Amino acid sequence: FVPMITSAIAIWIVASYPITEAKAHEVRAELERRRGVVTGSDVDRASTYP
9 FVPMITSAIA IWIVASYPIT EAKAHEVRAE LERRRGVVTG SDVDRASTYP
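What follows is the structure, given as structure tokens:
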């Protein structure tokens, strides 16, 4: 019963979160400004185990 209630609350929070495509681009631009642009080779390198 508890997992069903908490899942419903989580779904409601995600569904009501005010994000638009423009806002998503703003957030991404700010993150890229802070840490640089992530390239495909960065993703490949991060997903492999040493």
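In short: position in the sequence shown from 1, add 8, done, that's this note's numbering. Note that the Cβ used here is the ideal one computed from N, Cα and C, for glycine as well. What you are looking at is a predicted structure, and each value in this text was computed from that prediction instead of being measured.
What did DSSP end up calling residue i once you bin it into helix, strand or coil?
i: residue 45; result: coil
i: residue 27; result: coil
Report yes if the C-beta of residue i is less than 7 Å from at least one heavy atom of the ligand HEM; otherwise report no.
i: residue 10; result: The ligand content of the structure shown is nil, which means the ligand HEM is not present either.
State the Cα-Cα distance for the pair residue i and residue j, rounded to the nearest angstrom.
i: residue 33; j: residue 21; result: 21 Å
i: residue 13; j: residue 26; result: 22 Å
i: residue 43; j: residue 28; result: 23 Å
i: residue 17; j: residue 47; result: 35 Å
i: residue 11; j: residue 19; result: 12 Å
Would a check of beta-carbon distances place residue i closer than 8 Å to chain D?
i: residue 22; result: Here chain D cannot be found, since the structure has a single protein chain.
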